[in-house]
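A.B. asks:
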Amino acid sequence: MPEPLLEVAGVSKSFWGIQALADVDLNVYPGEIHAITGENGAGKSTLMKIIAGGEAPDQGSIRFSGRAIAMIHQELLPFPDLSVSENIFMGRELCRRIPGWIDRGRRDCEARELLSDVGVSIDPRSRMGDLTVAEQQSVEIAKALARCADLVIMDEPTSALSDRESEALFRIITGLKQRGAAILYISHRMQEVLRLADTVTVMRDGRRVGTCPASDLNEPLLIEMMVGRALNPASKRKSTPGETVLEVRDLGRPPHFEGVSFSLHRGEILGLSGLMGAGRSDVASAIFGLTPATRGTILLNGRPVLVRSPAAALAHGIAMVTEDRKEFGFIPDMSVKENVTLSSLARFGWGPFIRSDVEATVAEQQMQRFNMRAAGRDQPVKFLSGGNQQKVAIARALLADPEILILDEPTRGIDVAAKTEIYSIITDLARAGKAILLISSEMNEILSLSDRIIVMREGVAVAELVPDTTSPEEILRYAIPS
Amino acid sequence: MPSRADGAPSPEKSFVLESNAGPARQSRVTAARRKPWPAEATLAIAVALLMAALSLLRPNFLNLANLVNVFRQISINGILAVGVTSVLLTGGVDLSLGSVVALSGVVAASFAHPAQHAVFVPVALGILAGAACGALNGIVVTRGRVAPFIATLGMMTAARGLALLLSGGRPVSNLSPSFTRIGAGDVASVPFPVVIFGAVGLITWVMLTRMQLGRYIYAVGGNENAARASGLHVRSVKMAAYTLCGAMAGLAGVVLASRITTGQPNAGVGYELDAIAAVVIGGTRLSGGAGGVGGAMLGALLIGVINNGLDLLNVSSYYQQIVKGLIIVGAVWLDRSKQK
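As they're listed, the protein sequences go chains A and B. Under our numbering, think of the first position of the first sequence as 37, with each following residue one higher. Under our numbering, think of the first position of the second sequence as 14, with each following residue one higher.
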């Protein structure tokens, strides 16, 4: 066995008290394509960030004996208005004898060579923003070559590529391997992983579940490793869904999602499952009016309604707790009280004025009801933990007294105790007759909470399942693009 | 909503609540102790110290006449600062203030010739002209999605042009005594402009701290996306802020025209920057969401006291500008280094 190029030993990392990685070991050898796979939130991205030096591990060590590591992100970060060659040599420009004077001729010439090494014919003088995503990726790889990177990390590189473009990428990756570089390839597309990789490491809940040669694996085996056998559904809830409250017909906002139809009943929890980018959040945002749908109809209690903004949605009795808590969830400098009452201030008002005594009482009630841990109702929300911030967002949505509540990844990045509390809040709400649309990437969560599950894949609803008769394996089979 | 009747609280639950009540009350005390020292307090102390120092150096600083004079001098800038506070809190900016002051002064003066109209007509029209400019700024910012800097820069140029056009490039003079009394008169030896400054400040303070609109202004500046997702009409909130700001610039223009007894189309150049400086010295964040009108008023006072003090100390006005510049940067630098 040759010396490993990269040796990760016992790496642990936690954010805000949540274990993102626990005691992960990983060896990568020169000339190896090593795939890392696992469900959303398994810790793949955190591990890559630590390897690339973007985050420091809490524990453990990383030994890298090569020259350079290049990381190709899922979302490419090019300078769209600069030329291809300028992008390739960004930060290490080729200079003439006078410092600061760029040798453009040599730059374009070397860029052309690098691009032909990668095996693509792109004019190094063309504008980066005019290239397709696949071409931009090739440029990123050329950039890695220019830096003499002997470890290239690729995070879901095919997520935005067509089949043909993916094939071209695989050829490039194989070429890199033949030059002796090691590739860490992150993907949850099973067929890709099995075809391309020499070695596969599966991660789950921040731990390495196993590492084996790709030749020893097949799809069902891989799914089993990803999901894990230890699924312990939380206490089942007897549900008696009532009449239809919300119905969407042929809802769409291409290219994000299209032709989505379903109905939601009083007292029901409808789970929306699927991989990241499958369009689940887009459907939710459309119903809530954050990014209105361009096609289809939304019917509330049988009557078609137009939802062009969250304000309109709230007026119709639709509330939502968004996935991106930082961006949409709360006003960081405002207090717990002010955040909780923001959507329903008019109700605690006296004309245009705020009745501060009523507001304070209401805020205290909500803090008790959700067991929020804050230094007081006047503490700015930015100082709370993720779980408590999420409770603030849920409290605000509920205080608007909605009939329909959309919860998008309500427990993401939250510690276990707060998760359990949020689960019981959700089931209580359903019992009280709210109609709930639950989006979650956690199998456990969606299986144990939902009455029905709709699986989305690439912007289309592909299956409707019942938790009692389905399994994580079945859901994944529908969710994963083949 | 699940009602209380959903189930009688189990003893376990009530235990949890009680065990929380203790630490919660305790930590509220620590939170109060940890609560960041308000920028207003620092500023008030700075102003007080400065005034004490000045009165030692020049005993006539504390003369009632001089103090009244200081306040009279800051009242225009103070009114503008109060107005622009709301805009800055939404994360916007208004560079058109100075031009709007000139325009509304010209408009008001044109209707304030002796025996022409009752005094409230020119006053109302001046304020209305300002409010119209502000509303137009708001429309361009919210509907046209033009950056506030650009939108109000355009208004700054256009409003100046309109002021010159309406006045034919000449000062509008020969104003009725009832109109010029606004700038020259007083109540119990407090000049009218100071009374107006105080009233405008108080009203805006009530709006920002006690009314829904104020809360929404902070929310929009604090996190626009979250404000929208909370069901706020973000555009209307911004419209309100710009329109109010314009109306107050209109009011400042009326006061100025009355005090100098002419509608001066070239008046108010650079006033917007003095106003923004006062607000920023007062602790309001340029990116929005934090700050307040009290700080803005104190900021205007600080600038006024320094100007007056340097006058009394016979410091050349050239130095005065340098000192003012240093104070603007220094105050914000201090404030930011405290935050980190």
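Glycine included, C-beta positions come from ideal geometry on N, C-alpha and C.
(1) Does DSSP classify residue 35 of chain B as helix, strand or coil?
(2) Buried or exposed for residue 112 of chain B, please, with buried defined as at least 16 other CB atoms from any protein chain shown within 10 angstroms of its CB.
(3) So is residue 342 of chain A buried or exposed if we call it buried at 16+ other beta carbons inside 10 Å?
(4) With distances taken Cα to Cα, identify the nearest neighbour of residue 220 of chain A among A:286, A:147 and A:71.
(5) Rounded C-beta distance between residue 154 of chain A and residue 177 of chain A? I'm assuming under 8 Å.
(6) Closest to residue 296 of chain B by CA distance: which of B:266, B:94, B:196 and B:175 is it?
(7) For residue 263 of chain A versus residue 75 of chain A, is the C-beta spacing smaller than 9 Å?
(8) Give the residues of chain A in contact with residue 8 of chain B, contact being defined as C-beta atoms less than 7 Å apart.
(9) Return no unless some Cβ of chain B is closer than 9 Å to the Cβ of residue 445 of chain A.
(10) Look at residue 114 of chain B and residue 157 of chain B and say whether their C-beta atoms are less than 9 Å apart.
(11) Express the C-alpha separation of residue 129 of chain B and residue 64 of chain B in angstroms, rounding to a whole number.
(12) Check each candidate in B:117, B:292, B:239 and B:305 and name the one with the smallest Cα separation from residue 312 of chain B.
(13) According to DSSP, is residue 124 of chain B part of a helix, a strand, or is it coil?
(14) Secondary structure at residue 368 of chain A, three-state DSSP: helix, strand or coil?
(15) Could you pull the start and end residues of the beta strand (DSSP E) that residue 516 of chain A belongs to?
(16) Against chain B, with Cβ distances strictly below 9 Å, would residue 406 of chain A count as a contact?
(17) Nearest chain B C-beta to residue 68 of chain A closer than 9 Å, yes or no?
(18) Within 9 Å (strictly less), CB to CB, does residue 243 of chain B reach chain A?
(19) Could you spell out the range, first to last residue, of the beta strand (DSSP E) harbouring residue 237 of chain A?
(20) Comparing the C-beta of residue 519 of chain A with each C-beta of chain B, is any distance below 9 Å?
(21) Closest to residue 92 of chain B by C-alpha separation, out of B:331, B:231, B:153 and B:259, would be which residue?
(22) Could you pull out every residue in the same chain whose Cβ sits closer than 6 Å to the Cβ of residue 36 of chain A, ignoring the five residues on either side in sequence?
(23) Tell me the rounded alpha-carbon separation between residue 59 of chain B and residue 288 of chain B.
(24) For residue 326 of chain A, which three-state DSSP category applies?
(25) Quick one: measure Cβ to Cβ for residue 78 of chain A and residue 240 of chain A, integer angstroms, because I've assumed they're closer than 8 Å.
(26) How would you call residue 188 of chain B, buried or exposed, if buried means at least 16 neighbouring beta carbons within 10 angstroms?
(27) Could one say the Cβ of residue 235 of chain B lies closer than 9 Å to chain A's Cβ atoms, at least one of them?
(28) Rounded C-beta distance between residue 284 of chain A and residue 325 of chain A? I'm assuming under 8 Å.
(29) Using a Cβ-Cβ cutoff of 7 Å, what residues of the region 325–336 of chain A are near chain B? List them in chain order.
(30) In three-state terms, what does DSSP make of residue 134 of chain A?
(31) Check the DSSP bridge columns for residue 386 of chain A and list the partner residues they point to.
(32) Would you say residue 92 of chain A lies against chain B (beta-carbon separation less than 9 Å)?
(33) Counting only beta-carbon separations shorter than 9 Å, does residue 225 of chain B have a partner in chain A?
(34) Helix, strand or coil: how does DSSP classify residue 255 of chain A here?
(35) Using a Cβ-Cβ distance cut-off of 9 Å, determine whether residue 349 of chain B contacts chain A.
(36) Taking the alpha carbon of residue 284 of chain B as the reference point, which residue from B:135, B:79, B:88 and B:343 has its own alpha carbon closest?
C.D. replies: Based on what the coordinates show:
(1) Interpretation of residue 35 of chain B is limited by its pLDDT of 37, a score under 50 that renders its predicted location unreliable; no figure is taken from the coordinates.
(2) Counting the other Cβ atoms within 10 Å of the Cβ of residue 112 of chain B gives 16 or more, which makes it buried.
(3) With fewer than 16 other Cβ atoms within 10 Å, it is exposed.
(4) Relative to the Cα of residue 220 of chain A, the nearest Cα in the group A:286, A:147 and A:71 belongs to A:71.
(5) Residue 154 of chain A to residue 177 of chain A, Cβ: 5 Å. Contact.
(6) It is B:94.
(7) Judged by beta-carbon spacing, residue 75 of chain A lies within the 9 Å limit of residue 263 of chain A, meaning their Cβ atoms are closer than that value.
(8) The question about residue 8 of chain B has no answer, for chain B in this structure spans 14 to 353.
(9) For residue 445 of chain A, the nearest beta carbon of chain B is not closer than 9 Å to its own beta carbon.
(10) Residue 157 of chain B sits away from residue 114 of chain B, with the two beta carbons spaced by 9 Å or more.
(11) Cα-Cα distance, rounded: 44 Å.
(12) Nearest to residue 312 of chain B by C-alpha distance, out of B:117, B:292, B:239 and B:305, is B:292.
(13) In this structure, residue 124 of chain B counts as coil in the three-state DSSP scheme.
(14) Residue state, collapsed to three classes: coil.
(15) Unbroken run through residue 516 of chain A: none, as it is neither H nor E.
(16) Chain B contact via Cβ: absent.
(17) It does not; no Cβ of chain B falls within 9 Å.
(18) Yes, its Cβ sits closer than 9 Å to a Cβ of chain A.
(19) Element bounds for residue 237 of chain A: 235–240.
(20) Nothing about residue 519 of chain A can be read from this structure; chain A reaches only from 37 to 518.
(21) Closest option to residue 92 of chain B, Cα to Cα, is B:259.
(22) The requested residue 36 of chain A does not occur in the structure, where chain A is confined to residues 37 to 518.
(23) One alpha carbon belongs to residue 59 of chain B, the other to residue 288 of chain B, and they sit about 19 Å apart.
(24) In the structure shown, residue 326 of chain A sits in coil (DSSP, three-state: anything other than H, G, I, E or B).
(25) With 8 Å as the limit, residue 78 of chain A and residue 240 of chain A qualify as a contact, their Cβ atoms being about 5 Å apart.
(26) Around the C-beta of residue 188 of chain B, 16 or more other C-beta atoms lie within 10 Å, and the residue is accordingly described as buried.
(27) Closer than 9 Å to some Cβ of chain A, the Cβ of residue 235 of chain B qualifies, so yes.
(28) At roughly 13 Å, the Cβ-Cβ gap does not stay under 8 Å, so residue 284 of chain A and residue 325 of chain A are not in contact.
(29) Closer than 7 Å at the C-beta level to chain B, one finds these residues of the region 325–336 of chain A: 326.
(30) Look at residue 134 of chain A here: in three-state DSSP terms it is coil, with no helix or strand label.
(31) A:389.
(32) False, the Cβ-Cβ gap to chain B never drops below 9 Å.
(33) Chain A contact via Cβ: present.
(34) Residue 255 of chain A: helix per DSSP, three-state reduction.
(35) Output row for residue 349 of chain B: interface = no.
(36) When each option's Cα is compared against that of residue 284 of chain B, the closest is B:88.
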